[in-house]
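Here the sequence shown is numbered in the working numbering, starting from 29 and rising by one per residue. Below is one structure, written out as structure tokens, with a few remarks after it.
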Amino acid sequence: MHVGTAAWCNMVGNGGVAAEYPKPVFVCEYFRNLTYLGFSGSGRKLVQPMQLGDQISRKWSNEHIFGFQIRIRRKKLHRYSWSDLPWTRQLADARRRQLDELESLSREEVPMHATYVHKVLNQQLKPDDYVVFDGGDFCHFGRAYIPALTMKSWWYLPPLGMLGSSLPTAMAAKLAHPKRRVFMITGDGAFGFNGLEFDTAVRHNLDIVAILGNDAAWGIDRQIQIGVFGKPVATDLLPTRYDQVVRALGGHGEHVENPQELPSAIERSININRPALINVQVQRAISPRAEAAINRWKSDSPLPM
Ligand SMILES: Cc1ncc(C[n+]2csc(CCOP(=O)(O)OP(=O)(O)O)c2C)c(N)n1
Ligand SMILES: [Mg+2]
């Protein structure tokens with residue numbers, strides 16, 4: 029693939045290639061794959077494929093995976109812009125529709141919708157802040173809403189999808205760039221994996237701000253179980269006071285149930301200059317990612333989740 033083919037990618041390596049481009053087509057799904065693609069190295073590497081069909085959607089197939097050498101270097105990427113083509117317009121329309129939908133979900137309600145939380149947080153974010161995502165539905169709404177504005181500053185789970193990586197990643201980001209602010213967006217289930225590492229954050233004075241969307245569930249899996257099998261199985265959690273856990277470890281903890289209290293809780297947590305966690309009670313809202321997984325399960329297609 030050369031500069032000039034109909035491909036795009038954003039700051040975190042999400043992207044694709046236009047449907048009219050000869051198959052197979054390639055994209056990098058995670059930022060890490062930019063490295064795989066050779067933006068900062070060279071050699072033939074495996075990448076993850078994406079095809080654009082009639083609609084902007086993902087279609088995965090192992091037979092399209094193979095190695096190739098990309099000739100675009102990351103620094104050069106900024107020199108290119110795309111002309112106004114039908115597929116770029118289609119993409120822009122889809123993004124506009126998505127943002128409208130997210131906007132309509134972000135009303136002030138009790139319990140809060142994930143999108144309301146992300147909207148309030150986004151109003152506080154600056155372009156050079158680090159944002160780290162972890163978990164299922166709560167985090168997927170955030171990934172759709174909060175833009176990646178600076179290279180290597182917007183992180184999702186690593187390619188194997190290991191929940192619990194956000195706190196170690198956030199601490200590493202803070203250690204590497206002490207002057208930059210670090211925000212961690214996590215589900216309650218995901219927090220359970222490494223939450224006690226707030227002890228490490230406190231001992232090393234790493235003043236990250238965590239926003240935990242507490243739906244008392246392994247939310248995305250619960251939604252998929254209901255959508256595919258008609259009932260949840262062992263995916264209910266408790267509305268645990270993780271803010272009290274963080275306080276007990278020496279950090280700053282806040283519990284927010286009322287949407288009007290969220291902006292000041294975020295401001296306090298930013299200004300307190302200690303590791304902080306805001307435990308926000310949120311709805312069990314199904315994300316488009318979960319809906320897509322259910323549809324794939326129900327389709328005849330053998331494609332993986
Ligand atoms: C180590 C690990 N175990 C299990 C999973 C599968 N998994 C992905 S999302 C998810 C649920 C996460 O729950 P939570 O963090 O509370 O997010 P929610 O969907 O409720 O917003 C699970 C179990 C995974 N990705 N990694
Ligand atoms: Mg949850």
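For each residue, glycine too, the CB sits at the ideal point set by N, CA and C. Computed from a predicted structure; not experimentally measured.
{"query": "Proximity test, residue 323 beta-carbon vs ligand 2 heavy atom, cut-off 8 Å", "result": "no"}
{"query": "Residue 227, enclosing beta strand (DSSP E) - first and last residue", "result": "Per DSSP, residue 227 belongs to no beta strand (DSSP E); it is in the alpha helix (DSSP H), 226-231."}
{"query": "At least three beta-carbon pairs within less than 8 Å, the region 181-195 to the region 215-222", "result": "yes"}
{"query": "Residues near residue 228 in its chain [Cβ-Cβ closer than 7 Å; skip 5 each side]", "result": "199"}
{"query": "Bridge partner(s) assigned by DSSP for residue 305", "result": "238, 281"}
{"query": "Host beta strand (DSSP E) of residue 212 (start-end)", "result": "210-215"}
{"query": "Through-space distance from residue 201 to residue 257, alpha-carbon basis", "result": "40 Å"}
{"query": "Rounded separation between residue 100 and residue 207 - CA only", "result": "Since pLDDT at residue 100 reaches only 40, below the 50 mark, its modelled position is unreliable, and the value read off the structure follows with that caveat. Cα to Cα, the separation comes out at about 31 Å."}
{"query": "Inter-stretch contact at 8 Å, needing at least 3 Cβ pairs: the region 175-183 / the region 116-130", "result": "no"}
{"query": "Contact test: residue 246 Cβ vs ligand 2 heavy atom, cutoff 8 Å", "result": "yes"}
{"query": "Exposure label - residue 290; buried when at least 16 CB within 10 Å", "result": "buried"}
{"query": "Limits of the alpha helix (DSSP H) - the one that residue 162 falls within", "result": "First-last for residue 162: 158-162, but that is the beta strand (DSSP E), not the alpha helix (DSSP H)."}
{"query": "Contact test: residue 215 Cβ vs ligand 1 heavy atom, cutoff 8 Å", "result": "yes"}
{"query": "DSSP beta-bridge partners of residue 310", "result": "140"}
{"query": "Residue 266: CB within 8 Å of a non-hydrogen atom of ligand 2", "result": "no"}
{"query": "Counted within 10 angstroms of its Cβ, other Cβ atoms place residue 288 as buried (16 or more) or exposed", "result": "exposed"}
{"query": "Whether residue 283 touches residue 272 by CB criterion (9 Å)", "result": "yes"}
{"query": "C-beta atoms of residue 205 and residue 316 nearer than 9 Å", "result": "no"}
{"query": "Which residues DSSP lists as bridging residue 264, in chain order", "result": "245"}
{"query": "For residue 270, the nearest candidate out of 239, 119, 322 (CA to CA)", "result": "239"}
{"query": "contact_flag[the region 155-170, the region 317-326] where n(CB pairs < 8 Å) is 3 or more", "result": "yes"}
{"query": "Spatial distance of residue 308 from residue 115 (CA atoms)", "result": "39 Å"}
{"query": "Neighbourhood of residue 274 by C-beta, 6 Å cutoff - its chain only, sequence neighbours within 5 removed", "result": "226, 281, 305"}
{"query": "Residue-level contact to chain B via CB, residue 291, 9 Å cutoff", "result": "Although the question refers to chain B, the structure presented lacks it and comprises just one protein chain."}
{"query": "Outcome for residue 189 when other beta-carbon atoms lying within 10 angstroms are tallied against a minimum of 16", "result": "exposed"}
{"query": "Bridge partner(s) assigned by DSSP for residue 182", "result": "159"}
{"query": "Nearest candidate by alpha-carbon position, reference residue 263, set 246, 135, 255", "result": "246"}
{"query": "CB-CB length for residue 159 against residue 213, believed under 8 Å", "result": "7 Å"}
{"query": "Reference residue 161, options 151, 146, 154, 152, closest by Cα", "result": "146"}
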